[in-house]
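Using my numbering, read the sequence shown as starting at 914 and increasing by one per residue.
Yeah, the Cβ is synthetic: ideal placement off N, Cα and C, and Gly gets one too.
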Amino acid sequence: MNTKQIYKKTMPFVWAKLLIGLITVVLSAVLFALFIGLSWLFNSGGVTLILFILWLFAVGFIRFAVMHYMGYLIKAGHIAVITEAVTTGKVPDNQIEYGKTVVKERFATANVYFAVDKLVTGAVKQIQHGIEKVGNALDFVPGMDTVTSLAKLFVDLSLGYIDECCLGYTFYKSEDSAFKSAADGVVIYAQNWKRLLKNAAKTMIMVILMLAAVTVLCFLVLGILFRLLHWSGSVAFIISVLIAFAVKFAFVDSYILIKTMVSYMEVAPDTQITFDLYQKLSDISGKFKELLKKGQEKRTGNSI
914 MNTKQIYKKT MPFVWAKLLI GLITVVLSAV LFALFIGLSW LFNSGGVTLI
964 LFILWLFAVG FIRFAVMHYM GYLIKAGHIA VITEAVTTGK VPDNQIEYGK
1014 TVVKERFATA NVYFAVDKLV TGAVKQIQHG IEKVGNALDF VPGMDTVTSL
1064 AKLFVDLSLG YIDECCLGYT FYKSEDSAFK SAADGVVIYA QNWKRLLKNA
1114 AKTMIMVILM LAAVTVLCFL VLGILFRLLH WSGSVAFIIS VLIAFAVKFA
1164 FVDSYILIKT MVSYMEVAPD TQITFDLYQK LSDISGKFKE LLKKGQEKRT
1214 GNSI
């Protein structure tokens, strides 16, 4: 199955992601209205600034609590279904239930999933550190700081999907522990980094263009509505950004995740792992070393 086919067939996960994204928007808007009311009550510029800063912190907490917990678990189920679709060419009938069951069987608890995800993310960050070192070594070259910043942005965006591919590999290699197969997934990425990062270059451009387009569209719609109602344009812009990120999380991220996973799983099953890479990556990344160590500890037949 290709990217578009899998995307269309796994829309239930996309709608679920959009729902939790919109929940964060609604909660943020309610808090904003509350703080606006308090600001009007006190009628002080200093209080307004403090309340706005508190609101920003509150929005960050809401996004962490909702998107990073519920969102991650939904995303894990999506990854499990995508892996099944890419490797077998079929999408399970009740895919939400299938994803929930497979994630629970593979990781037992959410804490185990978060532990694996954190270690994998930390391990692949080695590429970003490498770019930073190159940039620092060449900082005497005019404009190098700009090039380095763009390269870091590229790596941040691309690795945001690559680490999920490594997690997808844990569902594919279900006979190994989650930690062991995740470590193998990172090694497979390291062996195929040129091909995967070429695809990631297109990913970066798509993310930036789609997010910009969604933000502008949301601002136009809300801007016109707020103007008709004689409400603040600044509020319209803030809500537009929140909605844009919710839409990106649901539609854009899902499509690019599938696109990246299809590319990854095309090479993963046939990749012959170079065993000296385990040591090399362990020397480079403490997170990978920890991931590998936990994988070796779990070789006793434990499903985790």
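- Here the C-alpha atom of Ile987 lies approximately 10 Å from the C-alpha atom of Ala993.
- The continuous alpha helix (DSSP H) containing Lys1093 extends over residues 1091–1104.
- Runs of the alpha helix (DSSP H) spanning 4 or more residues and lying entirely within the segment 945–1014 occur at 958–978, 985–1001, in chain order.
- By the 16-neighbour rule on beta-carbons within 10 angstroms, Gln1008 is buried.
- A straight line joining the alpha-carbon of Met914 with that of Val1016 spans about 22 Å.
- Of the residues assessed, Ile919 falls on the buried side of the cut-off, its CB having 16 or more other CB atoms within 10 angstroms.
- Sorting Leu1142, Ile1118, Val1025 by C-alpha distance to the C-alpha of Leu1080 places Val1025 at the top.
- One alpha carbon belongs to Cys1131, the other to Ala1157, and they sit about 7 Å apart.
- The segment 1127–1166 is shown to contain whole alpha helix (DSSP H) runs of 4 or more residues at 1146–1160, in chain order.
- For Lys1086 and Thr1000, the gap between their C-alpha atoms comes out near 11 Å.
- For Ala1028, the enclosing alpha helix (DSSP H) starts and ends at 1023–1037.
- Taking each of Lys1013, Asp1089, Ile936 in turn and checking the Cα distance to Gln1209, the smallest one comes out for Asp1089.
- Looking at the backbone, the Cα of Lys1202 and that of Lys1161 are separated by about 33 Å.
- Pairing Lys1107 with Leu947, the inter-Cα distance amounts to about 50 Å.
- Using a 10 angstroms sphere on the CB of Glu997, the tally of other CB atoms reaches 16 or more, which defines it as buried.
- Taking C-beta atoms under 8 Å as the contact rule, Phe926 and His991 qualify, at a distance of about 4 Å.
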